[in-house]
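Numbers 1 to 71, taken from UniProt numbering, label the letters of the sequence shown in order.
Note that the Cβ used here is the ideal one computed from N, Cα and C, for glycine as well.
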Amino acid sequence: TWTTFGGMGGCSSEETAEAVVALAYDSGINVFDLSEAHSGHRAETQLGRILLRRCWNRSSYVVTTKIYWNT
């Protein structure tokens, strides 16, 4: 998921990222894996805003992340 949020080859806008996440979710993908090391916390922040706007049932998706040791 981190590439959706401005990682290498990622989306340039939050609107585009939201469209990608919504398409994935609507297609049955319900696990969103992030890493602050790849996007400097941007992925977590943007995905959080997208999930709030989408109002999906919290039990219908899983969010995972990794923390870089130098954080």
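Review point. Do you know offhand how far Thr65's Cα is from Leu34's?
Key: Numbered from 1 along the sequence shown, position 65 holds the residue referred to as residue 65. Numbered from 1 along the sequence shown, position 34 holds the residue referred to as residue 34. Using only the alpha carbons, I get a separation of about 4 Å.
**Study point:** Bridge partner(s) assigned by DSSP for Val31
**Key:** Translated into the one-based positions of the sequence shown, residue 31 becomes position 31. Val31 is bridged to Val62.
Review point. Leaving out the 5 sequence neighbours to the left and right, which residues in its chain are closer than 7 Å to Ile67 when beta-carbon positions are compared?
Key: Counting from one through the sequence shown, the residue named residue 67 turns up at place 67. Result list for Ile67: Glu36, in chain order.
Point to revise | Reference Glu15, options Ile50, Glu44, Phe32, closest by Cα | key: On the sequence shown, position 15 is the one that residue 15 refers to. That would be Ile50, whose Cα lies nearest to the Cα of Glu15.
Practice item. Can you say whether Val62 is buried or exposed, counting buried as having 16 or more other CB atoms within 10 angstroms of its CB? Key: What you label residue 62 is simply residue 62 of the sequence shown in a count that begins at 1. So Val62 counts as exposed.
Review point. Would Leu51 count as contacting chain D if we go by Cβ distances under 9 Å?
Key: Reference to chain D is not applicable here, since this structure consists of a single protein chain.
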